[in-house]
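**Student:** One structure coming up, written as C-alpha coordinates, with questions to follow.
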Amino acid sequence: MLVGCSAPRVVTPTLVLPLPMQVSYESELGIARLGQMLNSPGLTPEQRAELFFQRGVVFDRVGLRAMARLDFNRALRDRPDFADAYNLNGVYLTQNQEFDEAYEAFDSALELAPDYAYANLNRGIALYYGGRPTLAARDLKTFLDEDPADPYRLLWWYLALEQMDQEAALDALRSHQQAHGSDEWAWDIVNVYLGTMSDEQLLNRISEESEDNQELAERLCEAYFYLAKQAQRNAQPEQAMVYFKLALATNIYDFVEHRYSLLELDLIGEQARLKR
1 MLVGCSAPRV VTPTLVLPLP MQVSYESELG IARLGQMLNS PGLTPEQRAE
51 LFFQRGVVFD RVGLRAMARL DFNRALRDRP DFADAYNLNG VYLTQNQEFD
101 EAYEAFDSAL ELAPDYAYAN LNRGIALYYG GRPTLAARDL KTFLDEDPAD
151 PYRLLWWYLA LEQMDQEAAL DALRSHQQAH GSDEWAWDIV NVYLGTMSDE
201 QLLNRISEES EDNQELAERL CEAYFYLAKQ AQRNAQPEQA MVYFKLALAT
251 NIYDFVEHRY SLLELDLIGE QARLKR
(Lines of atoms letter the chains of each structure in order from A and count residues from 1; the text may use other names and numbers.)
(Lines give C-alpha, C1' and ligand atoms only; values in the text may rest on other atoms or scores of the structure.)
Protein backbone atom coordinates (compact mmCIF):
# COMPACT_ATOMS: atom_id res chain seq x y z
CA MET A 1 0.00 0.00 0.00
CA LEU A 2 1.42 3.32 -1.05
CA VAL A 3 0.58 6.45 0.90
CA GLY A 4 1.96 9.95 1.14
CA CYS A 5 3.39 11.05 4.46
CA SER A 6 4.42 14.50 5.60
CA ALA A 7 5.51 16.11 8.84
CA PRO A 8 7.06 19.44 9.81
CA ARG A 9 10.55 19.79 8.34
CA VAL A 10 10.46 16.19 7.05
CA VAL A 11 10.60 15.42 3.35
CA THR A 12 9.76 11.77 2.82
CA PRO A 13 9.60 9.69 -0.32
CA THR A 14 6.41 7.83 -1.14
CA LEU A 15 6.25 5.39 1.75
CA VAL A 16 5.38 1.73 1.69
CA LEU A 17 3.38 0.48 4.67
CA PRO A 18 2.51 -3.11 5.55
CA LEU A 19 -0.30 -4.25 7.77
CA PRO A 20 1.39 -4.50 11.20
CA MET A 21 2.04 -8.14 12.05
CA GLN A 22 -0.22 -9.66 14.70
CA VAL A 23 0.50 -12.34 17.28
CA SER A 24 -0.09 -15.69 15.61
CA TYR A 25 -2.24 -18.49 16.96
CA GLU A 26 0.82 -20.73 16.87
CA SER A 27 2.75 -18.39 19.16
CA GLU A 28 -0.10 -18.16 21.67
CA LEU A 29 -0.48 -21.94 21.63
CA GLY A 30 3.28 -22.40 22.00
CA ILE A 31 3.35 -20.23 25.13
CA ALA A 32 0.50 -22.21 26.65
CA ARG A 33 2.07 -25.58 25.85
CA LEU A 34 5.47 -24.61 27.19
CA GLY A 35 3.83 -23.39 30.39
CA GLN A 36 2.11 -26.75 30.81
CA MET A 37 5.37 -28.59 30.18
CA LEU A 38 7.14 -26.49 32.80
CA ASN A 39 4.59 -27.71 35.35
CA SER A 40 5.40 -31.34 34.59
CA PRO A 41 6.87 -33.23 37.54
CA GLY A 42 10.33 -34.72 37.42
CA LEU A 43 12.01 -32.20 35.12
CA THR A 44 15.78 -32.02 35.38
CA PRO A 45 17.36 -28.56 35.73
CA GLU A 46 18.65 -28.88 32.15
CA GLN A 47 15.17 -29.71 30.82
CA ARG A 48 13.59 -26.87 32.78
CA ALA A 49 16.24 -24.43 31.53
CA GLU A 50 15.57 -25.43 27.92
CA LEU A 51 11.81 -24.98 28.34
CA PHE A 52 12.27 -21.57 29.99
CA PHE A 53 14.57 -20.56 27.14
CA GLN A 54 12.15 -21.74 24.44
CA ARG A 55 9.25 -19.91 26.10
CA GLY A 56 11.41 -16.80 26.39
CA VAL A 57 12.09 -16.95 22.67
CA VAL A 58 8.36 -17.06 21.95
CA PHE A 59 7.68 -14.22 24.39
CA ASP A 60 10.39 -12.25 22.60
CA ARG A 61 8.86 -12.97 19.20
CA VAL A 62 5.50 -11.54 20.25
CA GLY A 63 6.95 -8.47 21.97
CA LEU A 64 6.49 -9.53 25.62
CA ARG A 65 10.00 -8.51 26.49
CA ALA A 66 9.74 -8.40 30.27
CA MET A 67 8.38 -11.94 30.29
CA ALA A 68 11.12 -13.05 27.89
CA ARG A 69 13.90 -11.59 29.99
CA LEU A 70 12.46 -13.20 33.11
CA ASP A 71 12.48 -16.61 31.41
CA PHE A 72 16.04 -16.18 30.12
CA ASN A 73 17.18 -15.41 33.67
CA ARG A 74 15.29 -18.46 34.93
CA ALA A 75 17.04 -20.57 32.30
CA LEU A 76 20.42 -19.31 33.51
CA ARG A 77 19.49 -20.03 37.12
CA ASP A 78 18.87 -23.68 36.24
CA ARG A 79 21.73 -23.95 33.76
CA PRO A 80 24.58 -21.48 34.35
CA ASP A 81 26.45 -22.65 31.22
CA PHE A 82 23.61 -21.78 28.79
CA ALA A 83 25.33 -19.70 26.09
CA ASP A 84 22.13 -18.93 24.14
CA ALA A 85 20.47 -17.52 27.24
CA TYR A 86 23.50 -15.33 28.01
CA ASN A 87 23.38 -14.03 24.44
CA LEU A 88 19.71 -13.04 24.47
CA ASN A 89 19.96 -11.68 27.99
CA GLY A 90 22.80 -9.49 26.73
CA VAL A 91 20.57 -8.18 23.96
CA TYR A 92 18.01 -7.04 26.54
CA LEU A 93 20.71 -5.45 28.66
CA THR A 94 21.89 -3.54 25.58
CA GLN A 95 18.37 -2.32 24.86
CA ASN A 96 18.18 -1.07 28.44
CA GLN A 97 21.56 0.67 28.04
CA GLU A 98 23.08 -1.50 30.76
CA PHE A 99 26.23 -1.85 28.71
CA ASP A 100 28.72 -3.20 31.23
CA GLU A 101 26.33 -6.00 32.18
CA ALA A 102 25.67 -6.66 28.48
CA TYR A 103 29.39 -7.01 27.76
CA GLU A 104 29.68 -9.50 30.60
CA ALA A 105 26.76 -11.53 29.25
CA PHE A 106 28.26 -11.72 25.75
CA ASP A 107 31.70 -12.49 27.17
CA SER A 108 30.13 -15.40 29.05
CA ALA A 109 28.41 -16.65 25.90
CA LEU A 110 31.68 -16.54 23.96
CA GLU A 111 33.65 -18.19 26.73
CA LEU A 112 31.16 -21.06 26.70
CA ALA A 113 30.91 -21.18 22.89
CA PRO A 114 33.92 -19.46 21.24
CA ASP A 115 32.47 -19.95 17.74
CA TYR A 116 29.13 -18.35 18.63
CA ALA A 117 28.98 -15.87 15.75
CA TYR A 118 25.81 -14.08 16.86
CA ALA A 119 27.35 -13.31 20.23
CA ASN A 120 30.03 -11.41 18.27
CA LEU A 121 27.29 -9.51 16.43
CA ASN A 122 25.40 -8.66 19.58
CA ARG A 123 28.50 -7.71 21.56
CA GLY A 124 29.57 -5.54 18.63
CA ILE A 125 26.21 -3.78 18.65
CA ALA A 126 26.44 -3.28 22.42
CA LEU A 127 29.91 -1.78 22.01
CA TYR A 128 28.61 0.44 19.20
CA TYR A 129 25.84 1.86 21.36
CA GLY A 130 28.17 1.97 24.35
CA GLY A 131 30.47 4.39 22.51
CA ARG A 132 33.34 1.98 21.83
CA PRO A 133 33.48 1.93 18.01
CA THR A 134 36.98 0.44 17.69
CA LEU A 135 36.04 -2.63 19.72
CA ALA A 136 32.64 -2.74 18.02
CA ALA A 137 34.23 -2.75 14.56
CA ARG A 138 36.47 -5.65 15.57
CA ASP A 139 33.55 -7.82 16.69
CA LEU A 140 31.40 -6.83 13.73
CA LYS A 141 34.21 -7.59 11.28
CA THR A 142 34.56 -11.05 12.86
CA PHE A 143 30.83 -11.54 12.27
CA LEU A 144 31.08 -10.25 8.69
CA ASP A 145 33.98 -12.59 7.89
CA GLU A 146 31.70 -15.55 8.67
CA ASP A 147 29.52 -14.56 5.69
CA PRO A 148 30.99 -11.76 3.55
CA ALA A 149 28.04 -11.86 1.14
CA ASP A 150 25.55 -10.82 3.84
CA PRO A 151 24.74 -7.11 3.39
CA TYR A 152 23.33 -6.74 6.93
CA ARG A 153 26.63 -7.85 8.46
CA LEU A 154 28.39 -5.34 6.22
CA LEU A 155 26.06 -2.51 7.23
CA TRP A 156 26.68 -3.02 10.95
CA TRP A 157 30.44 -3.09 10.40
CA TYR A 158 30.11 0.09 8.37
CA LEU A 159 28.09 1.82 11.11
CA ALA A 160 30.90 1.16 13.58
CA LEU A 161 33.64 2.27 11.16
CA GLU A 162 31.68 5.42 10.37
CA GLN A 163 31.97 6.57 13.97
CA MET A 164 35.75 6.67 13.57
CA ASP A 165 36.29 7.88 9.97
CA GLN A 166 33.36 8.47 7.65
CA GLU A 167 35.35 8.60 4.42
CA ALA A 168 37.34 5.46 5.22
CA ALA A 169 34.09 3.72 6.15
CA LEU A 170 32.54 4.62 2.80
CA ASP A 171 35.63 3.35 0.98
CA ALA A 172 35.43 0.06 2.88
CA LEU A 173 31.70 -0.20 2.12
CA ARG A 174 32.24 0.43 -1.57
CA SER A 175 35.14 -2.01 -1.82
CA HIS A 176 33.23 -4.78 -0.05
CA GLN A 177 30.14 -4.20 -2.18
CA GLN A 178 32.19 -4.51 -5.35
CA ALA A 179 33.72 -7.77 -4.12
CA HIS A 180 30.63 -9.45 -2.67
CA GLY A 181 27.50 -7.59 -3.82
CA SER A 182 24.67 -9.34 -5.63
CA ASP A 183 21.16 -8.72 -6.95
CA GLU A 184 19.61 -9.60 -3.59
CA TRP A 185 17.28 -6.78 -2.62
CA ALA A 186 19.07 -5.97 0.65
CA TRP A 187 22.19 -4.95 -1.24
CA ASP A 188 20.14 -2.00 -2.44
CA ILE A 189 20.31 -0.64 1.12
CA VAL A 190 24.09 -0.54 0.61
CA ASN A 191 23.48 1.21 -2.73
CA VAL A 192 21.45 3.87 -0.91
CA TYR A 193 24.37 4.41 1.46
CA LEU A 194 26.72 4.72 -1.52
CA GLY A 195 24.43 7.24 -3.22
CA THR A 196 23.63 5.11 -6.27
CA MET A 197 19.98 4.52 -5.33
CA SER A 198 17.31 6.64 -3.68
CA ASP A 199 15.19 5.78 -0.66
CA GLU A 200 12.12 5.71 -2.89
CA GLN A 201 13.67 3.30 -5.39
CA LEU A 202 14.53 0.92 -2.55
CA LEU A 203 11.03 1.07 -1.06
CA ASN A 204 9.41 0.60 -4.46
CA ARG A 205 11.47 -2.53 -5.09
CA ILE A 206 10.44 -3.94 -1.72
CA SER A 207 6.79 -3.21 -2.49
CA GLU A 208 6.96 -4.82 -5.94
CA GLU A 209 8.92 -7.95 -4.98
CA SER A 210 7.50 -8.94 -1.58
CA GLU A 211 5.34 -12.04 -1.95
CA ASP A 212 3.03 -11.47 1.02
CA ASN A 213 2.42 -9.09 3.91
CA GLN A 214 4.80 -10.90 6.27
CA GLU A 215 7.68 -10.63 3.83
CA LEU A 216 6.78 -7.00 3.17
CA ALA A 217 6.73 -6.21 6.90
CA GLU A 218 10.05 -7.97 7.52
CA ARG A 219 11.82 -6.23 4.65
CA LEU A 220 10.42 -2.84 5.61
CA CYS A 221 11.46 -3.31 9.24
CA GLU A 222 15.02 -3.79 8.03
CA ALA A 223 14.99 -1.10 5.35
CA TYR A 224 13.45 1.65 7.48
CA PHE A 225 16.00 1.11 10.26
CA TYR A 226 18.98 1.51 7.92
CA LEU A 227 17.34 4.42 6.12
CA ALA A 228 16.93 6.05 9.54
CA LYS A 229 20.64 5.59 10.28
CA GLN A 230 21.44 7.13 6.90
CA ALA A 231 19.17 10.10 7.68
CA GLN A 232 21.03 10.58 10.97
CA ARG A 233 24.33 10.70 9.10
CA ASN A 234 22.85 13.27 6.73
CA ALA A 235 21.82 15.50 9.69
CA GLN A 236 18.10 14.82 9.16
CA PRO A 237 16.96 13.94 12.70
CA GLU A 238 13.25 14.40 12.04
CA GLN A 239 13.48 12.14 8.99
CA ALA A 240 15.34 9.55 11.05
CA MET A 241 12.59 9.57 13.68
CA VAL A 242 9.96 8.92 11.03
CA TYR A 243 11.87 5.95 9.68
CA PHE A 244 12.57 4.47 13.14
CA LYS A 245 8.87 4.72 13.98
CA LEU A 246 7.97 3.03 10.69
CA ALA A 247 10.35 0.18 11.49
CA LEU A 248 8.66 -0.24 14.89
CA ALA A 249 5.19 -0.13 13.29
CA THR A 250 5.85 -3.40 11.47
CA ASN A 251 5.72 -5.34 14.78
CA ILE A 252 8.61 -7.62 13.78
CA TYR A 253 9.70 -7.68 17.40
CA ASP A 254 12.52 -10.20 17.16
CA PHE A 255 14.42 -8.48 14.34
CA VAL A 256 17.60 -6.65 15.28
CA GLU A 257 16.33 -3.61 13.41
CA HIS A 258 13.10 -3.47 15.43
CA ARG A 259 14.94 -3.86 18.74
CA TYR A 260 17.34 -1.02 18.08
CA SER A 261 14.81 1.32 16.48
CA LEU A 262 13.28 1.51 19.93
CA LEU A 263 16.67 2.18 21.52
CA GLU A 264 17.44 4.82 18.90
CA LEU A 265 14.22 6.66 19.69
CA ASP A 266 15.04 6.48 23.40
CA LEU A 267 18.46 8.01 22.69
CA ILE A 268 16.89 10.76 20.58
CA GLY A 269 14.50 11.53 23.43
CA GLU A 270 17.37 11.68 25.93
CA GLN A 271 19.32 14.07 23.72
CA ALA A 272 16.26 16.30 23.36
CA ARG A 273 15.79 16.43 27.14
CA LEU A 274 19.44 17.38 27.65
CA LYS A 275 19.05 20.34 25.29
CA ARG A 276 16.14 21.81 27.22
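With UniProt numbering as the guide, the letters of the sequence shown map in order to residues 1 to 276.
Where a beta carbon is used, it is the ideal one built from N, C-alpha and C, also for glycine.
When burial is assigned at 16 or more other CB atoms within 10 Å of the CB, is K275 buried or exposed?
**Tutor:** That one is exposed.
**Student:** To the nearest angstrom, how far is the alpha carbon of A249 from that of Y260?
**Tutor:** Rounded to the nearest angstrom, the two C-alpha atoms are 13 Å apart.
**Student:** Give every residue of the same chain whose Cβ lies closer than 6 Å to the Cβ of E177, excluding the five residues on either side of it in the sequence, and list them in chain order.
**Tutor:** Looking at the sequence shown, residue 177 is not Glu but Gln. V190.
**Student:** Have a look at T196, L76, V192 and Q214 and flag the residue whose alpha-carbon is nearest the alpha-carbon of F225.
**Tutor:** Taking only the C-alpha atoms, the option nearest F225 is V192.
**Student:** Taking 7 Å as the limit between beta carbons, can you name the residues of its chain near Q232, skipping five residues before and five after?
**Tutor:** Excluding sequence neighbours, Q232 sits near A240.
**Student:** Nearest to V242 by CA position, among N234, L227, I252 and N251, is which residue?
**Tutor:** Checked all of N234, L227, I252 and N251; the closest Cα to V242 is L227.
**Student:** Taking only runs of the alpha helix (DSSP H) that begin and end inside the region 94-179, which ones reach a length of at least 4 residues, in chain order?
**Tutor:** Taking only runs of at least 4 residues, the alpha helix (DSSP H) segments lying wholly in the region 94-179 are 99-112, 117-129, 133-146 and 151-162.
**Student:** Between which two residues does the alpha helix (DSSP H) containing D254 stretch?
**Tutor:** Run containing D254: none; DSSP gives neither H nor E here.
**Student:** Tell me the rounded alpha-carbon separation between D81 and A235.
**Tutor:** Computed Cα separation, rounded: 44 Å.
**Student:** Rounding to the nearest angstrom, what Cα-Cα distance links A83 and S108 in this structure?
**Tutor:** Their Cα atoms are separated by approximately 7 Å.
**Student:** Residues in its own chain within less than 7 Å of L202 by CB, not counting five upstream and five downstream?
**Tutor:** Cβ neighbours of L202 beyond the five flanking positions: D188, I189, V192 and A223.
**Student:** For R33 versus F52, is the C-beta spacing smaller than 7 Å?
**Tutor:** Contact flag unset, no.
**Student:** Given a cut-off of 7 Å, decide if A160 and A126 are closer than it, judged by their beta-carbon atoms.
**Tutor:** It is not a contact, given that the beta carbons lie outside the stated cut-off.
**Student:** Skipping 5 residues on each side, what residues in its chain have a beta carbon closer than 7 Å to that of R79?
**Tutor:** Correct list, in chain order: P45, E46 and A49.
**Student:** In angstroms with no decimal places, state the Cα-to-Cα distance between T14 and L93.
**Tutor:** Each residue's Cα considered, the two are about 36 Å apart.
**Student:** Where does V16 sit, in a helix, a strand or coil, going by DSSP?
**Tutor:** Strand at V16.
**Student:** Just to confirm before moving on: does the CB-CB distance between W157 and L140 stay below 7 Å?
**Tutor:** For W157 and L140, yes; Cβs fall inside 7 Å.
**Student:** Of the residues P114, R273 and N204, which one's Cα is nearest the Cα of T142?
**Tutor:** When each option's Cα is compared against that of T142, the closest is P114.
**Student:** Please name the residue in R77, E111, A66 and L112 whose C-alpha comes closest to that of V91.
**Tutor:** The shortest Cα separation from V91 among R77, E111, A66 and L112 belongs to A66.
**Student:** D199 to N39, Cα distance in whole Å?
**Tutor:** Approximately 50 Å, taken between the alpha carbons.
**Student:** Using a Cβ-Cβ cut-off of 8 Å (strictly less than) and excluding sequence neighbours within five positions of V16, which residues of its own chain qualify?
**Tutor:** Excluding sequence neighbours, V16 sits near M1, L2, L203, N204, I206, S207, L216 and L220.
**Student:** E184 by DSSP, collapsed to three states: which one?
**Tutor:** It is coil, neither helix nor strand.
**Student:** Output the distance between the C-alpha atoms of D60 and F72, rounded to the nearest integer angstrom.
**Tutor:** The straight-line gap from Cα to Cα measures roughly 10 Å.
**Student:** Specify, as a first and last residue, the run of the alpha helix (DSSP H) that S27 falls within.
**Tutor:** Its alpha helix (DSSP H) spans residues Y25 to L38.
**Student:** When we look at the beta-carbon of R153 and count the other beta-carbons within 10 Å, is it buried (16 or more) or exposed?
**Tutor:** Per the 10 Å Cβ criterion, buried.
**Student:** In chain order, what residues of the same chain have a beta carbon less than 6 Å from the beta carbon of G63, not counting five sequence neighbours either side?
**Tutor:** Closer than 6 Å at the Cβ level, and outside the excluded window around G63, lie Y253.
**Student:** According to DSSP, is L274 helix, strand or coil?
**Tutor:** Correct three-state label for L274: helix.
**Student:** How is the alpha helix (DSSP H) around M21 delimited, first residue to last?
**Tutor:** Where M21 is concerned, there is no enclosing alpha helix (DSSP H), given that its DSSP letter is neither H nor E.
**Student:** Starting from Q201, trace the alpha helix (DSSP H) in both directions and tell me its first and last residue.
**Tutor:** Its alpha helix (DSSP H) spans residues D199 to E209.
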